[in-house]
Amino acid sequence: MSNMTPLQQLVLDVTSRIPYGEVRSYTWVANLISRPRAQRFVGNTLARNPFPILIPCHRVIRGNGSLGGFAGGLELKRRLIALERKAPRSP
Numbered sequence: 005m006s007n008m009t010p011l012q013q014l015v016l017d018v019t020s021r022i023p024y025g026e027v028r029s030y031t032w033v034a035n036l037i038s039r040p041r042a043q044r045f046v047g048n049t050l051a052r053n054p055f056p057i058l059i060p061c062h063r064v065i066r067g068n069g070s071l072g073g074f075a076g077g078l079e080l081k082r083r084l085i086a087l088e089r090k091a092p093r094s095p
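All the letters of the sequence shown, read from the start, carry residue numbers 5 to 95 under my numbering.
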């Protein structure tokens, strides 16, 4: 992640804390990094996510509930979200 700016690293950190089985919007992430109009920046940063297994960028969706983008393709994003919602959560 050394090739990312501190603000991009913050986007990834915020995204890494989205709970399993839940989704958040690009606006939600932008607000948490104190850049409420930076939804596109958030999306572009997540598109460069170097660790998609550790940083669950598939959990970030558009504010209107549509999926937005995903490097692995929208069908995979849809399936990952559905899988996480169905799986039992640990206590």
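We put the beta carbon where it would ideally sit given N, CA and C, even for glycine.
Keep in mind that this is a model prediction, so the values were computed, not measured.
Using the Cα positions of Arg-28 and Phe-45, report the straight-line distance between them to the nearest angstrom.
Arg-28 and Phe-45 have their C-alpha atoms spaced approximately 15 angstroms apart.
Look at the Cβ atom of Val-18, then the Cβ atom of Leu-36, and state whether they are nearer than 9 angstroms.
In contact: Val-18 and Leu-36 (Cβ atoms closer than 9 angstroms).
Excluding the five sequence neighbours on either side, which residues of its own chain have a C-beta within less than 7 angstroms of the C-beta of Lys-90, listed in chain order?
For Lys-90, same chain residues with a beta-carbon under 7 angstroms away, outside a window of 5 residues either side, do not exist.
Which word fits Ile-57, buried or exposed, when buried means at least 16 other C-beta atoms lie within 10 angstroms of its C-beta?
Classification of Ile-57: exposed, given that the 10 Å Cβ count is below 16.
Helix, strand or coil at Ser-20 [DSSP, three-state]
Ser-20: helix per DSSP, three-state reduction.
Pull up the distance between the alpha-carbon of Gly-69 and that of Asn-7, whole angstroms please.
Whole-angstrom Cα-Cα distance: 31 angstroms.
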